[in-house]
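Student: Residue numbering for the sequence shown is -10 to 387, as defined by my numbering.
What follows is a structure written as structure tokens; I'll ask about it next.
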Amino acid sequence: MLISVEDARLAARRTLPRWLFDYVDGGAYSEASLKNNFASLSAVRFIPAILCGVSAPDTAVKILETHQTFPLVLAPVGMGGLLSVEGEVAVVRAAAAAGIQTCLSHFSIQSIEDIARAVDPALLMFQLYIFRDRAITRDTLQRVWNAGVRTLVVTVDTPVTPMRERDARNGFRSISKLSFRHFTQMMIRPGWTWNMAHKGGRLMANLEPYGMGKTFFAQSATISRELDPTINWLDLKWIREVWKGRLVIKGVLHPEDTRRSAELGAEGIVLSNHGGRQLDGAVSGFEMLSENVQAANGRLDILVDGGFRYGSDIAKAMALGASGVMIGRPWAFGLAAEGQKGVADVIDYFHQGLRSTMTLLGARDIAALREGGKDFLRDVSGAACEPVPSSSIMKEHV
Ligand SMILES: Cc1cc2nc3c(=O)[nH]c(=O)nc-3n(C[C@H](O)[C@H](O)[C@H](O)COP(=O)(O)O)c2cc1C
């Protein structure tokens, strides 16, 4: 049983070869964005409300027209199926059992068709990268639709993949085959290596029909050539025309881009710096939440990610107006550590943490958490939340 996200992380470190653990755990260059994701969340603190009599808060929400037991969504993690032979199917099963949605990465090991057969596709989103060859993108959209998935998440913060120094040190950038060093690291992780050698997925299945290579490494090389770094708002307009389901844009941080997303006709955005893996020294999604909630002006569902490790972090985001929170590494660590059960433990950890936080804040349900808003919070860095007298907290929540 995994007690916390950090437990899952340490267990994943013990289970995975170094190059794979670092691929998940690391960020771009100095990892300043990665560190700031955590720092910005811990700079905002709660003012508790006492004697409120809230023993069993109701955490249910609707995110992108889908009912969930609490406001958490599993974020897309490329090649997540390499972390355990149980694959991404274990992830979506754990999420569906807990009553929350998962966004499958375009670069998953198992295909969207297989994943959508394993759970109710209403609980799935599909994350898309746009290829230079738009016929591939169009065909992928059709497959996603045919699989029964109605929420598309287009990631727009990756026109390049900046240096991730841990990957470079481990020889995991532009890799064409496993080296002696990779094998050495795998030898000291015999459990993972044995399982993967016998039962593991070998390809990014969503790309298989498009002749991008017969090995996982050949596919990676093709991806770096064939992803379109020139995509712009006109391409998003094209996607909006082609895709008849709900459209979410992932990787937004600037309020002006939130306004444009709403004008484009998107249903949602994900405020994200890609888990600190793209622009080094970027603001966090959480830091930009209040401004973007104002910019959206009720027109969009706003998800936020980056550094969320506790249920209390979710409460902070909801109090600042988010529709929900996404997590990437936490579920990836859970999967690496203990497969489906590990993912379930991580999800439960967030849910329990959210419930106890709401009790201590006197928030009966998510609506109360949202209405109480900034009254619940103090920003000790002095930036995002104006202090409100505690008397107004009492008025709202007793
Ligand atoms: C190993 C790894 C792979 C990722 N792959 C993708 C991807 O394929 N598509 C995408 O939109 N985001 C991807 N992300 C970003 C996540 O969706 C999410 O934005 C980020 O992990 C959130 O930060 P957290 O890990 O601190 O929760 C990836 C993140 C990690 C850690």
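The beta carbon of each residue, even a glycine, is placed where N, CA and C say it ideally should be.
Remember, it's a predicted structure, so these values are computed and weren't measured experimentally.
Which partner residues does residue 257 have in the DSSP bridge list?
Tutor: Translated into the one-based positions of the sequence shown, residue 257 becomes position 268. 237, 290, per the DSSP bridge assignment.
Student: Residue 30 to residue 226, Cα distance in whole Å?
Tutor: Here residue 30 is taken as the residue at index 41 of the sequence shown, counted from 1. Here residue 226 is taken as the residue at index 237 of the sequence shown, counted from 1. Spanning the two alpha carbons is a distance of roughly 33 Å.
Student: Please classify residue 104: does DSSP put it in a helix, a strand, or coil?
Tutor: Numbered from its first residue, the sequence shown carries residue 104 at position 115. Three-state DSSP puts residue 104 in a helix.
Student: Please classify residue 99 as buried or exposed, where buried requires at least 16 neighbouring CB atoms within 10 angstroms.
Tutor: Working through the sequence shown from its first residue, we reach residue 99 at position 110. Buried, by the Cβ-count rule.
Student: Taking all protein chains shown into account, decide if residue 97 is buried (16 or more other Cβ within 10 angstroms of its Cβ) or exposed.
Tutor: Position 108 of the sequence shown, counting from 1, holds the residue named residue 97. The residue is buried, with at least 16 neighbouring Cβ atoms inside 10 Å.
Student: On the criterion of 16 or more Cβ atoms from any shown chain inside 10 Å, does residue 40 qualify as buried, or is it exposed?
Tutor: Within the sequence shown, residue 40 is the residue found at index 51, counting from 1. Exposed, by the Cβ-count rule.
Student: Counting beta carbon pairs with one atom in the region 318 to 328 and one in the region 59 to 79, are three or more of them shorter than 8 Å?
Tutor: yes
Student: By Cβ distance, which residues of its chain are closer than 8 Å to residue 147, with the 5 residues on each side in sequence left out?
Tutor: Within the sequence shown, numbered from 1, the residue matching residue 147 stands at position 158. Same-chain partners within the cutoff: 118, 216, 240, 263, 267.
Student: In terms of residue numbering, what span does the alpha helix (DSSP H) encompassing residue 175 cover?
Tutor: Translated into positions along the sequence shown, residue 175 becomes position 186. Looking at the DSSP string, the run of the alpha helix (DSSP H) that includes residue 175 is 169 to 176.
Student: The alpha helix (DSSP H) with residue 334 in it runs from where to where?
Tutor: The sequence position of residue 334 within the sequence shown is 345, counting from 1. Where residue 334 is concerned, the enclosing alpha helix (DSSP H) stretches over 318 to 350.
Student: What's the gap between the Cα of residue 369 and the Cα of residue 305?
Tutor: Residue mapping note: residue 369 aligns to position 380 of the sequence shown, counting from 1. Residue mapping note: residue 305 aligns to position 316 of the sequence shown, counting from 1. So the two alpha carbons sit approximately 13 Å from each other.
Student: Pick helix, strand or coil for residue 115, following the three-state DSSP scheme.
Tutor: Mapped onto the sequence shown, residue 115 falls at position 126. Of the three classes helix, strand and coil, the one that applies to residue 115 here is strand, per DSSP.
Student: How would you label residue 255, buried or exposed, when you count the other beta carbons within 10 angstroms and need 16 or more for buried?
Tutor: The residue given as residue 255 occupies position 266 in the sequence shown. Classification for residue 255: buried.
Student: Do the region 34 to 52 and the region 337 to 356 touch if we need at least three Cβ pairs shorter than 8 Å?
Tutor: yes
Student: Regarding residue 116 and ligand 3, is the C-beta to nearest heavy atom distance less than 7 Å?
Tutor: Absence of ligand 3 from the depicted structure is noted, with ligand 1 being the only ligands included.
Student: Would you identify the three-state DSSP class for residue 204, choosing helix, strand or coil?
Tutor: For the purposes of this step, residue 204 is identified with residue 215 of the sequence shown, where counting begins at 1. Note: residue 204 maps to coil in three-state DSSP.
Student: Can you pull the DSSP bridge partners for residue 90?
Tutor: Position 101 of the sequence shown, counted from the start, is the residue given in the question as residue 90. 62, per the DSSP bridge assignment.
Student: Within the region 17 to 86, note down every full alpha helix (DSSP H) run reaching 4 residues or more, in order along the chain.
Tutor: 21 to 31
Student: With 16 other CB atoms within 10 Å as the buried threshold, where does residue 56 fall?
Tutor: Locating residue 56 in the sequence shown gives position 67, where the first residue counts as 1. Label assigned to residue 56: exposed.
Student: List, from N- to C-terminal side, the alpha helix (DSSP H) runs of 4 residues or more that fit wholly inside the region 115 to 154.
Tutor: 123 to 135
Student: Classify residue 79 as buried or exposed, calling it buried when 16 or more other Cβ atoms lie within 10 Å of its own Cβ.
Tutor: Locating residue 79 in the sequence shown gives position 90, counting from the first residue. In summary, residue 79 is buried, with 16 or more beta-carbon neighbours lying within 10 Å of its beta-carbon over all protein chains present.
Student: For residue 162, which residues in the same chain have their Cβ closer than 6 Å to its Cβ, ignoring the five residues on either side in sequence?
Tutor: In the sequence shown, the residue the question calls residue 162 occupies position 173. Beyond the five residues adjoining it in sequence on each side, residue 162 comes within less than 6 Å, by CB distance, of 156 in the same chain, given in chain order.
Student: Taking DSSP's pairing of strands, which residues face residue 367 in a bridge?
Tutor: Against the sequence shown, residue 367 aligns to sequence position 378. For residue 367, which the question treats as bridged, DSSP gives the partners 34.
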